[in-house]
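Numbering (my numbering), first residue to last: 24 to 344.
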Ligand code: HSE
């Protein structure tokens with residue numbers, strides 16, 4: 024018995040919805056932009072963990088320091104508490120395809136793929152809402168605070184709005200299906216904890232009012248299918264971007280390029296350093312990608328993809344890597 028689960032990259036905040044909005048991403052050329060986890064039966068006293076893939080060498084050598092180790096033990100505890108059952112020993116192989124500290128929901132990707140891998144391996148004893156809570160909790164342990172804006176889109180797909188009331192953690196809102204999201208990772212790393220620590224503890228009243236108006240307006244424009252209005256509201260001059268921009272070399276040039284090239288919007292993906300630019304025109308998306316590769320990417324670790332929003336979210340893809 025074995026199962027492989029794929030979890031896509033995600034862009035959190037989407038500028039206008041700090042900690043409240045996130046979208047799953049899928050490159051239009053069919054490349055994998057996300058992690059995969061293989062769960063298979065094994066014997067022994069503890070989970071066996073192996074890392075493979077392009078970013079495996081960036082993970083801690085000690086398996087007990089691996090996110091999957093925490094995922095396994097957390098899941099075992101929940102399984103025992105909720106279902107009074109014992110999960111035997113398994114081997115978990117993480118194919119680490121996303122760079123860590125990139126702003127593409129890398130840790131969320133591993134957490135979601137690992138937990139959903141265990142859930143699928145056991146024929147889904149937990150429902151989606153329960154899984155999401157567990158994913159958020161583990162992601163919170165890593166980044167220093169519980170926020171669902173990576174795990175929810177990564178797990179459920181689409182453009183997700185965090186609700187966190189009345190037993191509803193997150194729900195999908197409509198998105199503009201013709202928009203291309205060009206994401207560029209420059210090749211340097213920024214930890215989410217660090218990028219959160221530089222934000223102000225408090226904001227001015229007029230700024231919180233504007234923040235609420237922008238987010239409500241964006242959600243309204245998404246429902247009422249007004250792309251120009253939605254794009255105009257896709258911005259963050261309040262909560263995070265003004266503070267985080269200085270952590271990202273070349274960010275101001277990206278913003279200027281996006282504006283003069285006629286893009287709909289641009290901003291920081293999650294806590295950075297990945298940036299995103301939105302356009303509905305494929306030819307412009309390809310030109311933007313070429314510009315970002317030439318002017319924004321700093322080293323051979325960097326990359327750029329033209330993406331659409333991934334509707335599916337996390338899925339079982341087979342039984343072997
Ligand atoms: N909303 C979070 C932040 C996402 O911007 O800190 C981090 O991936």
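For every residue, glycine included, the Cβ atom is placed at its ideal position computed from N, Cα and C. What you are looking at is a predicted structure, and each value in this text was computed from that prediction instead of being measured.
Go ahead and label residue i buried or exposed: buried means 16 or more other beta carbons lie within 10 angstroms of its beta carbon, across all protein chains shown.
i, result
"residue 101", "buried"
"residue 223", "exposed"
"residue 109", "exposed"
"residue 221", "exposed"
"residue 19", "Past the boundaries of the shown model lies residue 19; the chain is included only from 24 to 344, so the question cannot be answered."
"residue 266", "exposed"
"residue 263", "buried"
"residue 116", "buried"
"residue 232", "exposed"
"residue 112", "exposed"
"residue 311", "buried"
"residue 297", "buried"
"residue 33", "buried"
"residue 36", "buried"
"residue 24", "exposed"
"residue 122", "buried"
"residue 103", "exposed"
"residue 305", "exposed"
"residue 246", "exposed"
Would you check whether the ligand HSE has a heavy atom nearer than 8 Å to the C-beta of residue i?
i, result
"residue 328", "no"
Can residue i and residue j be called in contact, C-beta distance under 9 Å?
i, j, result
"residue 177", "residue 336", "yes"
"residue 119", "residue 161", "no"
"residue 261", "residue 215", "no"
"residue 210", "residue 325", "yes"
"residue 219", "residue 167", "yes"
"residue 204", "residue 330", "yes"
"residue 313", "residue 301", "no"
"residue 252", "residue 192", "no"
"residue 130", "residue 173", "yes"
"residue 92", "residue 206", "no"
"residue 27", "residue 340", "yes"
"residue 288", "residue 38", "yes"
"residue 148", "residue 202", "no"
"residue 30", "residue 94", "no"
"residue 293", "residue 159", "no"
"residue 114", "residue 79", "no"
"residue 98", "residue 150", "no"
"residue 270", "residue 332", "no"
(message) Would you call the stretch 193-206 in contact with the stretch 176-184, where contact means no fewer than 3 C-beta pairs closer than 8 Å?
(response) yes
(request) Considering only heavy atoms of the ligand HSE, list every residue whose Cβ is less than 7 Å from one of them, following chain order. (result) 35, 36, 41, 42, 126, 128, 166, 170, 172, 173, 215, 218, 219, 263, 293, 294
(message) Three Cβ pairs or more, each shorter than 8 Å: is that satisfied between the stretch 64-71 and the stretch 31-47?
(response) no
(request) Could you say if the stretch 80-99 and the stretch 241-249 meet the contact criterion of at least three C-beta pairs nearer than 8 Å? (result) no
(request) Tell me, please, whether the stretch 49-64 touches the stretch 128-138 by the rule of three or more beta-carbon pairs shorter than 8 Å. (result) yes
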